[in-house]
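Heads up, the sequence shown is in the numbering used here, so the first residue is 165 and it goes up one at a time.
We treat Cβ as the ideally placed atom computed from N, Cα and C, and that holds for glycine.
Computed from a predicted structure; not experimentally measured.
Read the structure below first, then the notes.
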Amino acid sequence: MNIVFDIGNTNIKMGVFDGDELVETLRLASSNKTGDEYWLPIKEMLGVKGLSVRDVDGAIISSVNPNLNYTFENMVRTYFGFKPMTVGLGLKTGLNVRYDNPRELGADRVADSVAAYRIYGGPCIVIDCGTATTFNVVSWDGEFLGGAISFGLKSAAEALANSAARLPEVELSVPKRTIGRTTIANMQSGIIYGYSGMIESMVARIKKEMGMPNIKVVATGGIANLVNDCVSVIDVVDRTLTLRGLNLIYKLNS
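Next comes the structure, spelled out in structure tokens:
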């Protein structure tokens with residue numbers, strides 16, 4: 165078995181794989197905890213599944229949060245007894261990255277694109293709805309062509325509430341009407357339907373630029389299901405896409 169870690173700005177997603185099977189997942193908040201503090205819920209999760217550190221013989225990390233890199237690398241060395249792989253230059257991914265400076269490309273975007281291409285085929289557009297929203301484009305023969313980065317839905321909602329003194333924080337739920345009759349309903353409509361319009365517009369622009377109106381669109385991330393309820397451009401929602409991509413990269417380099 166192997167364990168994968170996707171370290172983001174807001175959350176850390178973890179998965180345990182037995183071959184291609186995702187045995188268990190765990191989500192933790194990204195914070196200034198020590199490796200020992202992060203290890204405790206991981207140990208508990210393994211115990212619930214009847215597993216121990218001896219059952220895990222490899223690990224891989226993708227990170228867009230450099231402050232936590234050493235914490236998790238050291239935690240894996242200390243408790244599992246081996247050095248984890250880290251997604252970056254020099255690691256085989258199965259993709260031909262057509263990026264002007266590959267060092268700038270987020271590891272999570274690589275993992276998303278690897279999984280979408282290997283599982284759902286190319287060409288494809290991969291949308292990750294997280295702290296930021298990323299659009300990643302993979303060609304039919306496995307070339308990562310680039311994409312776009314925009315604001316995240318939760319980030320936009322928090323920025324609106326923090327920037328306007330009279331506007332409250334609101335729950336991110338789909339409103340029944342576009343024309344709201346309360347301040348909260350107005351904010352939900354503007355935030356959620358406005359964000360959905362951005363998704364639809366970006367997908368339409370990418371398809372037009374690619375000259376491929378039927379290119380597959382795969383979405384992942386914490387709010388992917390909510391977004392999918394508001395748009396008609398997403399073909400597949402896979403909340404475990406990043407973890408599966410990391411597992412594929414791990415297997416390719418083992």
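Exposed unless 16 or more other CB atoms sit within 10 angstroms - verdict on residue i
{"i": "THR346", "result": "exposed"}
{"i": "PRO266", "result": "exposed"}
{"i": "PRO230", "result": "exposed"}
{"i": "VAL338", "result": "exposed"}
{"i": "LEU317", "result": "buried"}
{"i": "PRO287", "result": "buried"}
{"i": "PHE169", "result": "buried"}
{"i": "LYS213", "result": "exposed"}
Beta-bridge partners of residue i, as assigned by DSSP
{"i": "ALA312", "result": "PHE299"}
{"i": "CYS288", "result": "VAL302 and LYS380"}
{"i": "LEU190", "result": "MET178"}
{"i": "ILE167", "result": "VAL180 and ALA223"}
{"i": "CYS293", "result": "THR297"}
{"i": "GLU185", "result": "ASP182"}
Cβ-Cβ distance between residue i and residue j below 9 Å
{"i": "ALA419", "j": "VAL382", "result": "The structure shown does not extend to residue 419, since the chain is modelled only from 165 through 418, so no value can be given for it."}
{"i": "GLY258", "j": "ILE413", "result": "yes"}
{"i": "VAL180", "j": "LEU204", "result": "no"}
{"i": "GLU237", "j": "ILE225", "result": "yes"}
{"i": "GLY311", "j": "THR295", "result": "no"}
{"i": "ILE289", "j": "ILE387", "result": "no"}
{"i": "VAL380", "j": "ASP399", "result": "In the sequence under discussion, the amino acid at residue 380 is Lys, which differs from the Val named in the question. For LYS380 and ASP399, yes; Cβs fall inside 9 Å."}
{"i": "GLY199", "j": "MET165", "result": "no"}
For the region 211-253, list the beta strand (DSSP E) runs that are entirely contained and at least 3 residues long, ordered along the chain. 222-227
Any chance the region 348-368 sits against the region 383-399, with 3 or more Cβ pairs inside 8 Å? yes
Length-filtered (3 minimum) beta strand (DSSP E) runs lying within the region 372-418: 380-384
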